[in-house]
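Colleague: There's a structure below that I have some questions on.
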Amino acid sequence: MTSSSPLLSVRDLEISFRTGGREIPVVRDLSFDLSAGETLGIVGESGCGKSITALSLIGLVPSPPGRVSKGQILLNGEDIVTAGEDRLTRIRGNEISMVFQEPMTSLNPVYTVGEQIAETARAHFGSSRAEAWDRAIEMLKLVGIPSPEQRAHNYPHQLSGGMRQRVMIAIALVCEPKVLIADEPTTALDVTVQAQIFDLFRELQRKIKAAIILITHDIGVVAQMCDRVMVMYAGRKIEEGPVRSFIRDPRHPYTRGLISCIPKLSRDPSDTPEPLFEIPGVVPSPADLAELKGCAFAPRCNRAINECQLHSPALTPLGSDRAVACLRQEEIPA
Amino acid sequence: MSVTDTTPPVAATAGKPLPKPVSPSRQVWQMFRQNHSAMIGLFILFAIIVISIIGPSLYTVSPRDMVWMPLTPPGQSEYLLGTDYLGRDLLAGLINGGRVTITIGFSAAVLTILIGVTIGALAGFFGGRIDNVLMRVTEFFQVLPNLLFAMVVVMLFSPSLINIAIAIGIVSWTSTARLTRAEFLKIREMDYVKAERSIGAGNARLIWKVILPNAAPPLIVVAALSIGSAILFEAGLSFLGLSDPNAMSWGRMIGDNRPYILDSSWGVTFPGIAIFLTVLAISLVGDGLNDAINPKLRQR
Amino acid sequence: MLTGLLRKLANAVLLLFAVLVLNFALIHIAPGDPVEALVGEMGGATPELIAELRESFGLDQPLYVQIGHYLGRVLQGDLGYSTYYDQPVTHLIAERIGPTLLLVTVALLWAIVIGTILGVFSAQRRNSWISHLVTVLSLAGFSAPVFWIGIMLILLLSVAYPILPISGMTSTETATSTIGYILDVAHHLVLPALTLGLIYLAFYSRLSRTSMLEVLETDYVRTARAKGLPKRLVIYKHALRNAVLPVVTFAGLQFGQVISGAVLVETVFAWPGLGTLAFESILRRDTPTLLGILFFSALMVVVMNLLTDVIYRRIDPRIKAT
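In the order they appear, the protein sequences are chains Z, Y and V. Take the position in the first sequence, starting the count at 1, then add 133; the result is the number in this note's numbering. Take the position in the second sequence, starting the count at 1, then add 172; the result is the number in this note's numbering. Take the position in the third sequence, starting the count at 1, then add 2; the result is the number in this note's numbering.
Structure, rendered in structure tokens:
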């Protein structure tokens, strides 16, 4: 996978927001690659910059106040950051699509779901109304909606949350994009529906062969779905690697914390359950980060030493396919 | 993404002594003070009120007597703004009319708020059948074209200042009632209200001491703006000839001078500017209050 | 859907019934009854004549009988008799309703169309001159008395630059052709419709801006952009359709106030509609006519509300389902 040139390559990305006359970076020094057919998980607490990174990949950072202030986002070698609005319009939904977190509000209430799928096909393929409508019904069938011919005439409010998210996925996949970004696609749904949606993702990935970027804060989902994981904290990448080593041997204290947050089930009912682990404190705000010299996680880290407060650790390669940004990573026992 | 979130993380403030709490009204005032147009509005409003109160005793020309040649343009006599079709001093009319206009504006607004808040609060607090009946009543008053209804009331009961204020109050309260009801419905379900109820607070206490103070901010804005509407309303009524025959008001001046606009544009222009400035000032103050109470809506 | 509309219809009938009861009550609560007024106009009468008059008006009967009679008459299309015009009130209203509807419709239409366009544009460019114009307009429109704006426009466009007629609906010279007549009325309509519309332009430009700003922030607009629709479609298909929903609601709800505004504007421009009739009946103390206009206006408001409801059901699919 690493030998061929990546499908999507993010280089030294910085995204900033202007607040109160200052421009404050919320994502910094972010680089990562995505190969065709691969599933990359991006993990982190809310406010770590995951969602805004995802939006930047389709040129939708809300502007003003935000903008991509440094770096490149290369899709097959073409920079999305400098691409014009016309070009972006052709990329969005066609080469890169996105499924959002909120299926209840992400569909337009005044148009039928069939129309909302069909118009995407019309916009990108210039299909006729009849062709696009047939395509919409085909897509509804593909995402597992029963009696798609009738459902296509439904308005979003007539569908359940899970159904709506399936429609969102149908919209995202109607043009068979190369990259599908899913930003916490199941957070708003019931657990059983969650499982169905992820099954659908896997199945569709086989059929359409899209690369997926899955943004989540659920380690369990990552373990099930992803090939590779990238952990973000306070706007930076702090650890990256294949999903197995990530789960088995997390190197960054923050990653270890995230993994220990998962409740462990014991087979023996007489066992007293371990108290649930919790990382103390909260993610510092971007404004505070701008003034922070050291590691952003240091204030919450139980292994922090004085040096951690002084300079921010660089991302260091660890073996052939991993990297971590922690001064003390070598000292941390496996 | 909470990129605009400037509150420091909990960890940073822990240990430090908490800053002295600022009272909400003070906070609103601090926000308000930074709003230039609202402060200008407040200043204009203040000036108009002061002139209306002490003006008549400083400028003693009678607004009702003929003092000069009728239809004298401004600046051509000792009467600065000229005279109207009966040779009455326009400036005296403006100064004296302000008193009437503002008094009716304020008292009608008070009545509007009183009726609106009472009905809205009862409907929102008790809900059910009471809500149903009160909302029907509200709907009924919304169906009546407000100016026509006020015209009927004033005509049937003689156009005294009190009757005019009452008529304006009766036709203007519906939107206040709807807003109050919505606020009450929302606040009624809050935990602190349930807590008060659980420790045995009576309905009166819940309505007055618990819910109303929390519903007050948007109501204050509406109250401010309803003074402006009441002034416009009064102007409309007196323009149609429904004004107290013993009192000079700005709207009446426009109505009186309208047939003579071809000979004297100033007779209608100045009172109109007076109304416009007063209501504009009130709108600016109202918008400023709204922004100060509700900073999130600022860009709208 | 049908049951929803039927319920609304029943409610509307109930409301109109209440307006009639109010009308009846107003006549009775008001100091001085019609007979006294009539006697006053005649310059006095003998007690026998007064009693006879009372009987002829049905005033000697108990209240519930009187109200029954009153309602019965209204149901037969009798809104009373104007003593001043010496005509049934319904005739007067029928004569005047056309000009009022013309004025109100034209004024509301241009205000809503231009207001929505201004609001939509200014929502997209928050600091552009259009946005500032909307702010200034909405402040000025709310603060200036509509009748005064009318007079100022007369001074500007009929006196200083005499391009538009001062008042009335037609010129005194009779038009020779239908087209000539239409053009003449249109010429006279410009100023009153401009005046009445300005107030609502202020309102609708602000309303549609607020609404558009809200809609532009919604998730479904983000979805529309994320799926690669051209900007034109994002704004005019996905955002606008949702942003006009409150505009439609208010257009219906505000109709009563538009009629009130029309009273003032018609009076300023001597436009021969219901408003001028209302103004004249105040001058003549012609209570039956004024109450007739009040009832008829309420009827128009109720009809408008029902119409809005129907339109709303067409453009917002969420209502249909419930």
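Heads up, the beta-carbon is just placed ideally off N, CA and C, and yes, glycines get one too.
So is Y:R430 in contact with chain V if we call contact Cβ pairs under 9 angstroms?
Modeller: Taking the first residue of the second sequence as position 1, residue 430 of chain Y is located at position 258. Chain V, which has a Cβ nearer than 9 angstroms to the Cβ of Y:R430, makes this yes.
Colleague: Report the neighbours of Y:G270 on chain V: residues whose CB is nearer than 7 angstroms to its CB, in chain order.
Modeller: Taking the second sequence and counting its residues from 1, one reaches residue 270 of chain Y at position 98. Result: empty, since nearest Cβ-Cβ is about 15 angstroms, beyond 7 angstroms.
Colleague: Let me see if you follow: with CB-CB separation under 9 angstroms, is V:N13 close to chain Z or not?
Modeller: On the third sequence, position 11 is the one that residue 13 of chain V refers to. No, its Cβ sits nowhere closer than 9 angstroms to a Cβ of chain Z.
Colleague: Three or more C-beta pairs under 8 angstroms: does that hold for the region 346–357 of chain Y against the region 322–331 of chain Y?
Modeller: no
Colleague: Does any C-beta atom of chain V lie closer than 9 angstroms to the C-beta of Z:E156?
Modeller: For the purposes of this step, residue 156 of chain Z is taken as the residue at position 23 of the first sequence. With 9 angstroms as the cut-off, Z:E156 does not count as an interface residue toward chain V.
Colleague: Could you give the C-beta distance for Z:L141 and Z:V312, rounded to a whole number, given that I count them as a contact under 8 angstroms?
Modeller: Counting from one through the first sequence, the residue named residue 141 of chain Z turns up at place 8. Counting from one through the first sequence, the residue named residue 312 of chain Z turns up at place 179. Contact holds; Cβ gap of about 6 angstroms.
Colleague: Given a cut-off of 9 angstroms on the beta-carbon distance, is the pair V:I2 and V:G258 in contact?
Modeller: Outside the shown range of chain V, which is 3 to 324, sits residue 2 of chain V, and nothing can be said about it.
Colleague: Am I right that Z:V243 and Z:H350 are in contact with their C-beta atoms under 8 angstroms? What's the rounded C-beta distance?
Modeller: Within the first sequence, numbered from 1, the residue matching residue 243 of chain Z stands at position 110. Within the first sequence, numbered from 1, the residue matching residue 350 of chain Z stands at position 217. Incorrect: roughly 33 angstroms between the Cβ atoms, too far for contact.
Colleague: Less than 9 angstroms separating the beta-carbons of Z:D162 and Z:Q205?
Modeller: As a working mapping, residue 162 of chain Z is identified with position 29 in the first sequence. As a working mapping, residue 205 of chain Z is identified with position 72 in the first sequence. Cβ distance not < 9 angstroms, so Z:D162 and Z:Q205 don't count as in contact.
Colleague: At the 9 angstroms Cβ level, is Z:S293 part of the contact set with chain V, yes or no?
Modeller: Counted from its first residue, the first sequence places residue 293 of chain Z at position 160. No - not a single Cβ of chain V is within 9 angstroms of the one on Z:S293.
Colleague: Determine, using beta carbons only, whether Z:I371 and Z:P310 come nearer to each other than 9 angstroms.
Modeller: In the first sequence, counting from the first residue as 1, residue 371 of chain Z sits at position 238. In the first sequence, counting from the first residue as 1, residue 310 of chain Z sits at position 177. Going by C-beta atoms, Z:I371 is not nearer than 9 angstroms to Z:P310.
Colleague: Please compile the residues from chain V whose C-beta is within a distance smaller than 7 angstroms of the C-beta of Y:A407.
Modeller: For the purposes of this step, residue 407 of chain Y is taken as residue 235 along the second sequence, with counting starting at 1. By Cβ distance, chain V contributes P147.
Colleague: How close, in whole Å, do the beta carbons of V:S299 and Y:P196 come, if the pair is a contact with beta carbons under 8 angstroms?
Modeller: The count along the third sequence starts at 1 and reaches residue 299 of chain V at position 297. The count along the second sequence starts at 1 and reaches residue 196 of chain Y at position 24. Incorrect: roughly 43 angstroms between the Cβ atoms, too far for contact.
Colleague: Would you say Z:T253 reaches chain V, if we count a Cβ-Cβ gap shorter than 9 angstroms as a contact?
Modeller: The count along the first sequence starts at 1 and reaches residue 253 of chain Z at position 120. Cβ-Cβ to chain V under 9 angstroms: yes for Z:T253.
Colleague: From V:A96 to V:W112, what does the alpha carbon distance come to, in whole angstroms?
Modeller: For this step, residue 96 of chain V is matched to residue 94 along the third sequence. For this step, residue 112 of chain V is matched to residue 110 along the third sequence. Distance between the alpha carbons of V:A96 and V:W112: 25 angstroms.
Colleague: Near Y:L449, what residues of its chain come up, given a Cβ to Cβ distance below 8 angstroms and the 5 sequence neighbours on each side ignored?
Modeller: Here residue 449 of chain Y refers to the residue found at position 277 of the second sequence. Excluding residues within five positions, the ones whose Cβ falls inside 8 angstroms are I216, I220.
Colleague: Can you tell me whether V:Y72 is helix, strand or coil according to DSSP?
Modeller: Here residue 72 of chain V corresponds to residue number 70 of the third sequence, with the count starting at 1. In the three-state DSSP reduction, V:Y72 falls in the helix class (H, G or I).
Colleague: Within its chain, find whatever has a CB closer than 7 angstroms to the CB of Z:H444; leave out the 5 residues flanking it on each side and keep chain order.
Modeller: Counting from one through the first sequence, the residue named residue 444 of chain Z turns up at place 311. So the list reads K426, G427, once near-sequence residues are dropped.
Colleague: Give the interface partners of V:R315 over in chain Z, defined as CB-CB distance under 7 angstroms, in chain order.
Modeller: As a position in the third sequence, residue 315 of chain V is number 313, starting the count at 1. Near V:R315 there are no residues of chain Z at all, since even the closest Cβ is about 12 angstroms away, more than 7 angstroms.
Colleague: Would Z:H257 be called buried (16 or more neighbouring beta carbons within 10 Å of its own) or exposed?
Modeller: As a first step, residue 257 of chain Z must be located in the first sequence, where it is residue number 124. Buried, because 16 or more other Cβ atoms sit within 10 Å of the Cβ of Z:H257.
Colleague: Candidates Y:T441, Y:I340, Y:L414, Y:F312: which alpha carbon is nearest V:V15's?
Modeller: By 1-based counting over the third sequence, the position of residue 15 of chain V is 13. V:V15 has its Cα closest to that of Y:F312, out of Y:T441, Y:I340, Y:L414, Y:F312.
Colleague: Kindly list the residues whose CB is nearer than 7 angstroms to the CB of V:I313, restricted to its own chain and excluding five residues on each side of it in sequence; keep chain order.
Modeller: Here residue 313 of chain V corresponds to residue number 311 of the third sequence, with the count starting at 1. The residues are V250.
Colleague: Give every residue of the same chain whose Cβ lies closer than 6 angstroms to the Cβ of V:A272, excluding the five residues on either side of it in the sequence, and list them in chain order.
Modeller: Numbered from 1 along the third sequence, position 270 holds the residue referred to as residue 272 of chain V. So the qualifying residues of the chain are S169, G170.
Colleague: So, is the C-beta of V:V122 closer than 9 angstroms to a C-beta in chain Y?
Modeller: Locating residue 122 of chain V in the third sequence gives position 120, counting from the first residue. No, V:V122 does not count as interfacial toward chain Y.
Colleague: May I have the straight-line CA-CA distance separating Z:A344 from V:L218, to the nearest angstrom?
Modeller: Reading the first sequence from its first residue, position 211 is the one you call residue 344 of chain Z. Reading the third sequence from its first residue, position 216 is the one you call residue 218 of chain V. Computed Cα separation, rounded: 30 angstroms.
Colleague: Which of helix, strand or coil does DSSP assign to V:S84?
Modeller: Here residue 84 of chain V is taken as the residue at index 82 of the third sequence, counted from 1. In the structure shown, V:S84 sits in a strand (DSSP, three-state: E or B).
Colleague: Check the Cβ of Y:P242 against every Cβ in chain V and list those closer than 8 angstroms, keeping chain order.
Modeller: In the second sequence, counting from the first residue as 1, residue 242 of chain Y sits at position 70. Neighbours of Y:P242 on chain V: none; closest Cβ ~19 angstroms, over 8 angstroms.
Colleague: In the DSSP output, which residue or residues are listed as bridge partners for Z:E211?
Modeller: Residue mapping note: residue 211 of chain Z aligns to position 78 of the first sequence, counting from 1. Z:L208.
Colleague: When burial is assigned at 16 or more other CB atoms within 10 Å of the CB, is Y:I225 buried or exposed?
Modeller: Counting from 1 along the second sequence, the entry for residue 225 of chain Y is found at position 53. The Cβ neighbour count for Y:I225, taken over all protein chains shown within 10 Å, is under 16; the residue is labelled exposed.
Colleague: Which word fits Y:N207, buried or exposed, when buried means at least 16 other C-beta atoms lie within 10 angstroms of its C-beta?
Modeller: Taking the second sequence and counting its residues from 1, one reaches residue 207 of chain Y at position 35. Y:N207 comes out buried.
Colleague: Curious, which full-length alpha helix (DSSP H) runs of at least 4 residues does the region 178–211 of chain V contain?
Modeller: For the region 178–211 of chain V, not a single whole alpha helix (DSSP H) run of length 4 or above is found.
Colleague: How many Å lie between Y:V440 and Y:T273 at the Cα?
Modeller: On the second sequence, residue 440 of chain Y is found 268 positions in, with the first residue counted as 1. On the second sequence, residue 273 of chain Y is found 101 positions in, with the first residue counted as 1. Computed Cα separation, rounded: 16 angstroms.
Colleague: With 9 angstroms set as the bound, which would you pick, yes or no: does the beta-carbon of V:G275 sit closer than that to a beta-carbon of chain Z?
Modeller: For this step, residue 275 of chain V is matched to residue 273 along the third sequence. Output row for V:G275: interface = no.
Colleague: At which residues does the beta strand (DSSP E) containing Y:T244 begin and terminate?
Modeller: On the second sequence, position 72 is the one that residue 244 of chain Y refers to. Looking at the DSSP string, Y:T244 is not in any beta strand (DSSP E), and its letter there is neither H nor E.
Colleague: Could you work out which residues of chain V lie near Z:E211, taking near to mean beta carbons separated by less than 7 angstroms?
Modeller: Locating residue 211 of chain Z in the first sequence gives position 78, counting from the first residue. Within chain V, no residue comes near Z:E211; the closest Cβ sits about 15 angstroms away, beyond 7 angstroms.
Colleague: For V:R287, return the contacting residues in chain Y, with the cut-off set at a CB-CB distance below 8 angstroms.
Modeller: Sequence index remark: in the third sequence, residue 287 of chain V carries index 285 (1-based). Residues of chain Y passing the Cβ test: M327.
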